[in-house]
Structure formats: C-alpha cells, structure tokens
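S.K.: Residues 0 to 441 in numbering that gives the first Met the number 0 are what the sequence shown spells out, letter by letter. Every residue gets a Cβ at the ideal spot worked out from N, C-alpha and C, and that includes glycine. Encoded as structure tokens, here's the structure I'll be asking about.
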Amino acid sequence: MTGKHRISMVAAAAAVAIVGSLQLSPTAFGTEDTGETAPPAAGAPDSPGSIDAHDSHAEDSATHGSDGTVFRDGVMSFGTEPPKAAARSAAAAAPTPPSGEGWKLSGATKWLQTGYTIRFYDQKSADWLAPYVQASAADLRRITNLPVSVDTRPVGWDYVRPKGEVVVGVAHRPCVPPAGEGSMGSTGWKVVRDGSGTANLSCGFTSSSVAETVTSGHAYIDDEFFTAAGKPTAAMGETYMRNHVSHELGHTLGLTHANRSLDKGDCVKGTDSGQFPVMCSPTYAYQDKRAGTYVQQFDVQGLRRLAAGAGAALSPQGRVTGIGSKCLDVKGGKAANGTQIQLYTCNGSAAQSWILGKDGTFRAFGKCLDNARNASTNGNKISLYDCNGTAAQRWSVNAKGQIVHVASGKVLDVTGGATANGTVVQLYTANTNKRQVWVTPK
C-alpha cells in the first residue's frame, strides 16, 4: 500500500460534510484539546498509517438528506443536503477546513428513538462483516440504551433503504470522494460497483431526512483489506478490522472525526477515556499507544449526546465518593490492565469518571472495575481491566450505599478506613463501617 491510501480506521464520528450545521460545545462529545498529537505506535503495522504530511480525514464520510439512495447502473450519487433546523449564522455555514474538534461540523444531534437495524447488501458482505458489525452493535446498545440490531439476511444491491436502517457492504474500490484533497464538502461523492473507485478506501454516510436527526446510513468496505477467503489481510489484522468497520459504522450513525486540523495525527482525546477514540481520522487512525493490540472505543460521550437527543435513559456517569468525601480513583490515571483502584481527592479527572452500566459494570477509561481472578477472599485486589463480561466485573449498589460484588456478595472497602490519598480499595465482607459506604451517580 502506498502513502496515499486513506484507511478510515477509527470508528465513531458523525458523518459530516454538510458544514452548514449546528455547532456544539466541545463538552457535548466528551473530547478535549490536549495539545497532544497521536504518537505512532511502536511496532505497529505499516499499512494502517500514512506518510503524508496532511490528513485525508474528511474523505471517508458525508451527510445527505435522502434515506432512499440507490445504485443506478452501478453508481450511487449524492446531492441532497440534509434539512436545516433553525437559521444558522454565515460563519456556521462557511465550508472551512476543520479548526478544533472535527465533530463540530456535524448536523446530527439525535438518533431515532426507535433505534436502528443494520443490514447487509449481499451474502458475501454478511459473511465477511457480520462478526465485526455484531460486536460494534453490542457496544452501541450498551452506550446508548437504544435498540441497535443486526439482520444478516441480504437485502440486495437494489435495496431502497428506509428510515431506521443502516446497510453495509463489501465491494472492490467502492468509494469515489469529492475532488480536492482534504475537501470538507459532501457534494460529488459517489459509490461505484465496478471497482473504479479509490484504492484502499472505505466510506460511510449518514442520511438525515429529518433536521438534525440520523435517519439512516450506509457504508462500503473495500475488499482490498480482505483475503480471498474473507479474512483480514496480514497487514490489517483482526483488531484493525474491528476498528475499521466500527469507524465506518460510526459515520453511518452520526459520528464524525475528532480532528483539530488536517495535520496528520492531530486528534483530540476523550475526556472520559484519556485515549484517542476510534472516531479519529483515517490517516493515523489507530496510532494510539497500543495500536494493533486492542479495540479502540467509540466516542462514548458523542454517542451519549445523540442518544440523549432521542430521549434515551442513559446510564449514570460521574464520580463515586466514599469515606472522607474522597473519590474512587484509578491509580495514576493509568488505563493498563491491573491498575489498582484507590481512594483519592476528587479532582474531576477521567480517572474518577465512572459509567454505571445496566449490565452491572463500573467503567472508567473504557475498562471495567474488576475483582481480581473473581476471588472472594477478604483483601482481594480491585483493579481496572479490559471488560470481558465475566462475573468478576458485575456489581450492584444496595440500599445502604455499598457497592456489592454480585458473585461473592462482598463489597468495596477502603483498607483500614483510612482517608489518605492512595489508600487501597479492596474486597471485604460487608459490615456497618462507613468505609464501605459510597455515593454513586444517579
């Protein structure tokens, strides 16, 4: 692959390109301008990066105003702009390059309350993409508390997409971006089925036939990222493919890139994770510190914003306070597996921002509060770990304010009842001591 390829490998950003859209505050999508750029990952495969000086991050997505776009003689063209809401200022409508968080260019502020069904154009697309799509759909359901289902029955390439549906497919070089490197306009996008599109480029599109609403979407994954047997190429790998597909699904569902500029790797971090979300741009898309070894999370705050617009009941998020009015804290703000959970002065950092999921998880940095080895011994270590769906990561809050490890019946306990910063939080038999009482976000 050459340095000109544009792999959209980071999932979750509002497919934008109609820039005359609502401007949102930076906090709405949980990103912050840290002044940092994404560092290249040591030992990461060469293919997912780029040696270009500028980022092609605007060239894998667009927003248009029709749900029923179809192929005509093997070509799908876009031209209808999404309906506008209230009148916008001239500055908001000006098609300028990104400055600040890229998602500000998106017109989407809400999902459909009824959610979405993700379908596939043909059997090949279902066979090759379904495992990745199903994994992403599970994440989307958990974050938004809205229905996101997957139907693997092929709909055919002539399918007229209705509201509430996302259709994805695999094709050879399907994407033809607008002319002009780094263009932020959606006019001129095409999807083709004859292989005449741009090499090594996948693309995803939001349809917004109702003002500010994601009404449907569609995405196309270039088959050059797969072997003839439908497996990711060696250069891509399973983890990159999951991120790649998630990125394009993000574009179909109203999420755009979180880039501050066209400079390569200039992406913001999620305030709730401290990491570069999968919504970062195609170039250097997955060049996070552990690139190639883990699945980057969606832009959680962006999805929560879209879900809230649909009236969804979101999982509570915020600080968890205990004895001495101090916070449940991830030691050192480190997201590494096994990082100790401790008591620390509340400071509003990502290390103290917990999402209490309906699945019983407590999540920070995109990882889960974990009872090591699922042991039930008093004093057992409580740490942060990759979310894995095991009993070690299932918790509940009882009427007394204790955080109960469901499998063992034991609770989170501040060792010795001390209130000094850095005091270890452990597992312990429930009692009446205040060191086991916590105030959780509601």
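Which of the three DSSP states, helix, strand or coil, is assigned to D262?
M.R.: Three-state result, D262: strand.
S.K.: Where does T238 sit, in a helix, a strand or coil, going by DSSP?
M.R.: T238: helix per DSSP, three-state reduction.
S.K.: Taking the alpha-carbon positions, what's the A233 to D222 distance?
M.R.: Cα-Cα distance, rounded: 14 Å.
S.K.: Please classify P130: does DSSP put it in a helix, a strand, or coil?
M.R.: Residue state, collapsed to three classes: helix.
S.K.: So the candidates are G73, N242 and K441; which of them puts its Cα closest to the Cα of V132?
M.R.: The candidate whose alpha carbon is nearest that of V132 is N242.
S.K.: Using CA coordinates, which residue listed in L200, A429, K441 and F361 is at the minimum distance from K399?
M.R.: Considering only alpha carbons, the answer is A429.
S.K.: So for G216, helix, strand or coil by DSSP?
M.R.: Strand, per DSSP.
S.K.: Assuming D150 and R118 form a contact by the criterion Cβ under 8 Å, report the distance between their Cβ atoms to the nearest whole angstrom.
M.R.: Yes, they are in contact, since the Cβ atoms of D150 and R118 sit about 5 Å apart, within 8 Å.
S.K.: Expressed to the nearest angstrom, what Euclidean distance is found between the alpha-carbon atoms of Y120 and A350?
M.R.: Their backbone Cα atoms lie some 42 Å apart in a straight line.
S.K.: Is the region 343 to 362 close to the region 310 to 318, with three or more CB pairs under 8 Å?
M.R.: Taking 8 Å as the limit for Cβ pairs, the verdict is that the region 310 to 318 does touch the region 343 to 362.
S.K.: Among the candidates S407, T439 and C174, whose CA atom is the shortest distance from the CA of N199?
M.R.: Of S407, T439 and C174, the residue nearest in Cα terms is C174.
S.K.: Could you tell me which of Q435, G163 and K433 sits nearest to G253, measuring between CA atoms?
M.R.: Of the listed residues, the one whose Cα sits closest to G253 is G163.
S.K.: If T418 and I322 are in contact, beta carbons under 8 Å, what's the gap, nearest whole angstrom?
M.R.: Indeed they touch by this definition, with Cβ atoms about 6 Å apart.
S.K.: Using a threshold of 8 Å, state whether the C-beta atoms of G73 and D193 are closer than that.
M.R.: Yes.
S.K.: Which partner residues does Y343 have in the DSSP bridge list?
M.R.: In DSSP, Y343 forms a bridge with C326.
S.K.: Work out the CA separation of V190 and P177 for me, nearest whole Å.
M.R.: Taking the straight line joining both Cα atoms gives about 11 Å.
S.K.: Let me know the secondary structure DSSP gives R393 once reduced to three states.
M.R.: Correct three-state label for R393: coil.
S.K.: If you draw a straight line from the C-alpha of R140 to the C-alpha of A309, how long is it?
M.R.: Straight-line Cα distance between these residues: approximately 14 Å.
S.K.: Span of the beta strand (DSSP E) holding A170?
M.R.: First-last of the beta strand (DSSP E) with A170: E164 to A170.
S.K.: If contacts are defined as beta-carbon pairs under 8 Å, then V277 and G249 qualify, I think. What distance do you get, rounded to the angstrom?
M.R.: The Cβ separation is near 7 Å, so the contact holds.
S.K.: When we look at the beta-carbon of S46 and count the other beta-carbons within 10 Å, is it buried (16 or more) or exposed?
M.R.: For S46, the predicted structure reports a pLDDT of 38, less than 50, and the residue's modelled location is therefore unreliable. The matter cannot be settled from this model.
S.K.: Going along the chain, which residues of its own chain have a beta-carbon closer than 6 Å to the beta-carbon of Q392, five neighbours each way excluded?
M.R.: Counting only Cβ-Cβ distances below 6 Å, and skipping sequence neighbours, we find T360, C367 and D369.
S.K.: Taking 8 Å as the threshold (C-beta atoms), are C345 and K330 in contact?
M.R.: Not in contact: K330 and C345 (Cβ atoms no closer than 8 Å).
S.K.: Helix, strand or coil: how does DSSP classify P44 here?
M.R.: Note that P44 has pLDDT 37, beneath the 50 cutoff, so the model's placement of it is unreliable and no number is given.
S.K.: With distances taken from CA atoms, which of V167, Q296, H217 and A406 is nearest T376?
M.R.: It is A406.
S.K.: Which residue's Cα is closest to the Cα of L342: R372, D298 and G415?
M.R.: It is G415 whose Cα lies nearest to the Cα of L342.
S.K.: Quick check on the DSSP output: the alpha helix (DSSP H) that includes V456 runs from which residue to which?
M.R.: No answer is possible for residue 456: it lies beyond the span of the chain, which begins at 0 and ends at 441.
S.K.: Along the chain, where does the beta strand (DSSP E) containing V191 start, and where does it finish?
M.R.: Looking at the DSSP string, the run of the beta strand (DSSP E) that includes V191 is K189 to V191.
S.K.: Excluding the five sequence neighbours on either side, which residues of its own chain have a C-beta within less than 8 Å of the C-beta of A125, listed in chain order?
M.R.: Closer than 8 Å at the Cβ level, and outside the excluded window around A125, lie F119, T151, R152 and P153.
S.K.: Do you know offhand how far S201's Cα is from S60's?
M.R.: Straight-line Cα distance between these residues: approximately 9 Å.
S.K.: For A257 and K230, what's the separation of their Cα atoms in angstroms?
M.R.: Roughly 29 Å separates the two Cα atoms.
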